[in-house]
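In the working numbering, the protein residues as written are 23 to 417.
Backbone N, C-alpha and C fix where the C-beta goes; we use that ideal spot for every residue, glycine too.
On a predicted model such as this, the values are computed, not experimentally measured, just so you know.
Here's the structure we're looking at; comments come further down.
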């Protein structure tokens, strides 16, 4: 579209048009192409919008020196505003330069550039991540003194900082303040964060309280159901997770395979293989399609139970149901190959590998790794944990 506009005589390109295309070029063709495009922009059209877009390109690529040089150019031209400062502060925070984040915020104040909620949240996050509780509290106090700078989100950031520092009591107090600022439908934005943080604190009663309190105000989406089921499973309340899952099934929320997959993982961790399989059967009966991850979780569960015959059968189903980008759990796959070899089932082993080949999942690297696994041996099946069974995609 932009190429057509540039070639058309009916359009006069404005600085913002160049800024948009600079961003698009960077995303589509990389930083070098973006720099080349920037060089082609006439000097009189290189306004704050264009330099701001260039700054974003460098910040996204974590190229500090060029970002700093571009920021300096913005200052010299009188273009350095709140957005540009926020971009630089975010970059410094990402690279771990907390003192430079604070220095930039002070520079903003000295130059009469108004910091906003985002500006102070960046610094607050930086101190919380350190964690530097003393400095974090100073920033929070400053935000609390200005109605334009305080909302529910800084309190969740502070809670994370307190938790990282090991102060559960102050973290809990921060979340209570967060809840106090939640009004009406805006609560939806904070619910997932509250559930996640209360889970990390082991506060199961607060989990249920939050869930019951806000379900009368907002319509929960899949993200909230995922957070709640995951939280209850982590707190070893599988009965509660089952009830939330039943609520999700009865709701009119868009179907999301990650939610049944999450409960399948929970059942497999506990060795409840019949329950895990029953979820898949219900999915099929209702016309839903289990994906590669669904079957892979079940296969991994069978591996842990040392029911290798079922593990092999289920791994085949996982491969057949997979979509581009999916990869089988390596230890489970290797255990299946090792089992088939131990049984002398050459045909079964080749069938499994052929399925992988058809899906483009059997590279030379995978084959070498499998051979090494079988040769060296790994007699302990890997335990089911968050890394193994956490849903990372819908493939």
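Does DSSP classify residue i as helix, strand or coil?
{"i": "residue 294", "result": "coil"}
{"i": "residue 27", "result": "Below a pLDDT of 50, predicted positions are generally treated as unreliable, and residue 27, at 40, falls in that range; no measurement from the model is reported."}
{"i": "residue 328", "result": "coil"}
{"i": "residue 413", "result": "Its pLDDT being 45, under 50, residue 413 is placed unreliably by the model, and the measurement read from it follows with that caveat. Coil at residue 413, not helix or strand."}
{"i": "residue 281", "result": "helix"}
{"i": "residue 135", "result": "coil"}
{"i": "residue 80", "result": "helix"}
{"i": "residue 143", "result": "helix"}
{"i": "residue 37", "result": "helix"}
{"i": "residue 69", "result": "coil"}
{"i": "residue 99", "result": "coil"}
{"i": "residue 152", "result": "coil"}
{"i": "residue 7", "result": "Residue coverage of the chain in this structure runs from 23 to 417, which leaves residue 7 outside it and unanswerable."}
{"i": "residue 299", "result": "helix"}
{"i": "residue 107", "result": "helix"}
{"i": "residue 241", "result": "coil"}
{"i": "residue 314", "result": "helix"}
{"i": "residue 367", "result": "coil"}
{"i": "residue 275", "result": "coil"}
{"i": "residue 286", "result": "helix"}
{"i": "residue 205", "result": "coil"}
{"i": "residue 362", "result": "helix"}
{"i": "residue 308", "result": "coil"}
{"i": "residue 117", "result": "coil"}
{"i": "residue 408", "result": "Only weak support exists for where residue 408 lies, its pLDDT of 42 falling under 50; the value from the coordinates is given anyway. The answer is helix: DSSP assigns residue 408 an H, G or I state."}
{"i": "residue 32", "result": "Summary for residue 32: the model assigns pLDDT 45, below 50, so the residue's position carries little reliability, and this model does not support an answer."}
{"i": "residue 341", "result": "helix"}
{"i": "residue 259", "result": "coil"}
Taking the alpha carbon of residue i as the reference point, which residue from the options has its own alpha carbon closest?
{"i": "residue 109", "options": "97, 99, 89 and 299", "result": "89"}
{"i": "residue 345", "options": "165, 382 and 92", "result": "382"}
{"i": "residue 328", "options": "393, 272, 160 and 358", "result": "358"}
{"i": "residue 45", "options": "80, 139 and 67", "result": "80"}
{"i": "residue 111", "options": "149, 271, 98 and 99", "result": "149"}
{"i": "residue 353", "options": "186, 339 and 323", "result": "323"}
{"i": "residue 379", "options": "338, 365, 361 and 362", "result": "338"}
{"i": "residue 175", "options": "253, 190 and 199", "result": "199"}
{"i": "residue 153", "options": "103, 182, 169 and 43", "result": "182"}
{"i": "residue 158", "options": "224, 270, 132 and 123", "result": "123"}
{"i": "residue 287", "options": "274, 310, 248 and 307", "result": "248"}
{"i": "residue 164", "options": "127, 93, 306 and 243", "result": "127"}
{"i": "residue 259", "options": "277, 71 and 225", "result": "225"}
{"i": "residue 301", "options": "293, 312 and 233", "result": "312"}
{"i": "residue 40", "options": "372, 68 and 54", "result": "68"}
{"i": "residue 393", "options": "275, 356 and 245", "result": "356"}
{"i": "residue 121", "options": "132, 146 and 133", "result": "146"}
{"i": "residue 190", "options": "278, 206, 155 and 162", "result": "155"}
{"i": "residue 129", "options": "102, 113 and 117", "result": "102"}
{"i": "residue 341", "options": "364, 367, 376 and 362", "result": "376"}
{"i": "residue 43", "options": "66, 71 and 65", "result": "71"}
{"i": "residue 212", "options": "186, 194 and 246", "result": "246"}
{"i": "residue 106", "options": "56, 138 and 119", "result": "138"}
Verify the CB distance criterion: does residue i have a CB-CB separation below 9 Å to chain C?
{"i": "residue 244", "result": "Absence of chain C from the displayed structure is noted, only one protein chain being present."}
From which residue to which residue does the alpha helix (DSSP H) around residue i run?
{"i": "residue 198", "result": "190–202"}
{"i": "residue 233", "result": "226–236"}
{"i": "residue 183", "result": "175–186"}
{"i": "residue 220", "result": "209–222"}
{"i": "residue 251", "result": "244–256"}
{"i": "residue 53", "result": "53–62"}
{"i": "residue 170", "result": "Taken as a continuous stretch (DSSP letters only), residue 170 belongs to no alpha helix (DSSP H), as it is neither H nor E."}
{"i": "residue 349", "result": "Here residue 349 belongs to no alpha helix (DSSP H), and DSSP marks it neither H nor E."}
Runs of alpha helix (DSSP H) lying entirely within the region 371–402, each at least 4 residues, in chain order
386–398
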